[in-house]
Amino acid sequence: MLFSERVFCGQLTLGEVGRRVLLAGWVDAFRDHGGLLFIHLRDRSGIVQIVFSPEIAAADVCRRAAGLRAEYCIAVRGEVKQRREGTENPHIETGSMEVLVTELEVLSESDALPFAVSDKAMVAGAPSAGTDTVAEDLRLQYRYLDIRRTSMRDNLIARHRIFQCVRDFLDSRGFVEIETPVLTMSTPEGARDYLVPSRVHPENFYALPQSPQLFKQLLMIGGMERYFQLARCFRDEDLRPNRQPEFTQLDIEASFIDEEFLYELIEELTVRMFAVGGITLPRPFARMTHAEAMDTTGSDRPDLRFGLRFVDVTSVFAQTRYSIFRQILERGGCIKGINIQGQSGQLSKNVLQNEYAKEIVPSFGAKGMTWMRVEDGKFESNIVQFFSELELEALRGKFSAADGDVLILIADPSHATVTSALGQLRLHLANRLGLIPSNSFCPVWITEFPLFEATDEGGVTSSHHPFTAPDRADFDPKNIEELLSLRSRAYDLVINGEELGGGSIRINDRDLQRRIFAALGLTEAETKEKFGFFLRAFDFGAPPHGGLALGMDRAVSMILKTPSIREVIAFPKNRGAACPLTGAPSPVKREQLAELGLLNLGSQDVLPGTAENENRIDRLSWVSRIGLSADERPGMEDVLAQADALALLAAQNAGEGEALYTVAPVANRTRPGIQEKCSPLAETGQLLSRAPAVKGRFFKVASILE
Ligand code: ASP
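Numbering (my numbering), first residue to last: 2 to 707.
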């Protein structure tokens, strides 16, 4: 058949009735009505029903049609007809017409399918099949079939539209799309690098870019002024839901600009991107300093779709008789709380005391919490008698507490513990009480981040990356306290509690950049080795510049409201960072390792941690990927010796002569063969009575855990 004459299934209109058309695509579904065969023919544009009738098609065509099965790839020719009244199918856009086939060509057959691709019912009112119940790894293993499904196809097309919108907009603002290398040197973004061995330079490695950070800054020094790239980035991080080892960033950099330029640019861009998905973002985007975000929500990526902001009530209890609070305050601690307005009906004494105070809040890292319900103008709780009238009145004022409200306070000597526990509690309560409005979007710029964070070793590390400009340049790189008080010119764009992206105004002064490296504890020699080429560029007139990167997989997933970013990536890795389709990562032949010079790394024949009777320190260092250096080994020997001594002591106490390495006996808790015990509460359904969604004897976990 002549494909140049082909028309698209989903684009047929009643205007084509009476025309002979050539269609090509896949058999989505079929129905055999004793000689009369109905088929849903699907191509990328949609579905149309085609009909094989012995009264119209030759016997040979009907015979071959009878052999068609799901996902056969075919081409047909036939006449477009309007369907008889009452036989229209509202499930498909072309549901008021069908094509009466006269010619059929089977282009390629299909094996039986691992899961159903079709999700459009053939008759009005019939339920459409879905793939919700198909295991994700199976979908990923047969991703090409999965992509034939409407939802995946629509997601990928929408992703393309969003990318296209980004390109058009940035082009209109004078930005140039430039590619930067994938085989490169390490870029510091705080994760591990993926390394690629070089064959021609044995024992040397390229790193895959964690971001194009260094190159985009070099492009600014190169005078390109406005750059962008839809860049693939690679970060070898611990597995978490909604993370991929490789992901796509919209990377942007511009010269002779300040923060306001980027806020305006990115607001306009983000609004346009979301508009592709029919979402209108509220403007102007809110702004919040990092300190304010932490103080009022306990998070540097606050979800502002609901209230439950923190109120600091430390001062209320300055003179308190309540000994728990008094001791905490004497130790320099603080007390903060939230008012859960009008929810006392949902939060009984029992729930507050037995669930929240005993279980949930301790699991968030705080020792406990104090709750109070407001009923008939009075505070009600198990400890209210310890508070003075003055304190209670002050609380009422600070929280604007009214009947039906529930106050929860958390007190701790560590401010960080209060903030973190209350922040988690805030999200927990909002989810449980249904306080998060669906279909609402709250973008906010978070600004004035601390430039550095303290490390366990008593030094500092960059909160963003080491090229971020500080708010002032007159600091002493050796004074840790002063370093920790510096703010950065960095900003994050957060929507609904998710960080969509972030960036900063960069350092363009070579001496300042060197002092930042010194503050990070890098010696001159280390700085030169890691960033010599980069710093050298600053010797040639670096312009002031800044930029940011937006996580595009995350953004598209948010716009399309998909449950995971894997739904908007054509060929993602699974949660185990593996690809069920190709089998990557996979072992390679020893010959290949030898060719890459990887067998004799460090002149050892055997990789550390794989030899029999190997050194324990080698093994520990290898399995934990700690990478112990020679001078750290004696310290680790000590730690192991202490652990041995303790284990031996425990064994002796237990009356045995040998060191104990496992305290609890290992038992298989989930596999068959183990007697499953069921609590009587489960039998009566009480156990899951508060679960947000229950299926059989299981409950759904919050979406953050997937
Ligand atoms: N390179 C940064 C990142 O990947 C973004 C930026 O500072 O522009 O997070």
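We put the CB at the ideal spot given by N, CA and C, even for glycine.
Item                                                                                                                 : Value
H202 Cβ short of 7 Å to the ligand ASP heavy atom set                                                                : no
Secondary structure, beta strand (DSSP E): runs of 3+ residues fully inside the segment 12-89                        : 21-34, 37-44, 47-53, 74-83
Assigned exposure category for A367 - 16 Cβ within 10 Å defines buried                                               : buried
Top-ranked residue by Cα proximity to L434, from E104, V77, R21, R691                                                : R691
Residues surrounding the ligand ASP [beta-carbon distance to nearest heavy atom under 5 Å]                           : S212, Q214, G504, G548, L549, A550
For F534, the three-state DSSP class (helix, strand or coil)                                                         : helix
Backbone secondary structure at S256 - three-state DSSP                                                              : strand
Alpha helix (DSSP H) runs contained entirely in the segment 503-532, provided each spans 4 or more residues          : 511-520
Beta-carbon proximity of I222 to A470, cut-off 8 Å                                                                   : no
D252 beta carbon less than 8 Å from that of A192                                                                     : no
Whole-angstrom C-beta distance between I411 and M370, which should lie under 8 Å                                     : 5 Å
Residues bridged to I496 [DSSP beta-bridge criterion]                                                                : P444, E499
Exposed unless 16 or more other CB atoms sit within 10 angstroms - verdict on S505                                   : buried
Proximity to N355 [Cα-Cα], best of N383, Q342, G338, F248                                                            : N383
Neighbourhood of R20 by C-beta distance below 6 Å, restricted to the same chain and skipping five residues each side : V81
Three-state secondary structure (DSSP) of R374                                                                       : strand
N- and C-terminal bounds of the alpha helix (DSSP H) containing D155                                                 : 151-173
Pairwise C-alpha distance: I447 and L487                                                                             : 16 Å
Straight-line gap, V557 to R45 (C-alpha atoms, nearest Å)                                                            : 20 Å
C-alpha gap between A30 and M553, whole angstroms                                                                    : 35 Å
Buried/exposed call for V18, threshold 16 Cβ in 10 Å                                                                 : exposed
Rounded straight-line distance, which links the Cα of F388 to that of T321                                           : 7 Å
Beta-ladder partner(s) of R7, from DSSP                                                                              : L23
3-residue-minimum beta strand (DSSP E) runs that sit fully inside the segment 169-227, ordered along the chain       : 196-198, 206-208
Under the three-state DSSP convention, the category Q605 falls into                                                  : Since pLDDT at Q605 reaches only 47, below the 50 mark, its modelled position is unreliable, and the value read off the structure follows with that caveat. Correct three-state label for Q605: coil.
With 16 other Cβ atoms within 10 Å as the buried cut-off, status of E360                                             : exposed
S486, enclosing alpha helix (DSSP H) - first and last residue                                                        : 481-486
Which of helix, strand or coil DSSP assigns to H546                                                                  : strand
C-alpha gap between Q425 and A431, whole angstroms                                                                   : 10 Å
Helix, strand or coil at S421 [DSSP, three-state]                                                                    : helix
Residue from V177, F176, S199 whose Cα sits closest to the Cα of R186                                                : First, the residue type needs correcting, since residue 186 is Met and not Arg in the sequence shown. Comparing Cα-Cα distances from M186 to each of V177, F176, S199, the minimum goes to S199.
Neighbour-count burial assignment, R233, 16 or more Cβ in a 10 Å radius                                              : exposed
Beta-carbon proximity check, P242 vs E268, cutoff 8 Å                                                                : no
Environment of Y717 [buried if 16+ CB atoms lie within 10 Å]                                                         : An answer regarding residue 717 cannot be provided, because it is not within the stretch 2 to 707 covered by the chain.
beta-carbon L396 near the ligand GTP non-hydrogen atom, thresh 7 Å                                                   : Because the ligand GTP does not appear in the structure shown, any question about it cannot be addressed here, the ligands present being the ligand ASP.
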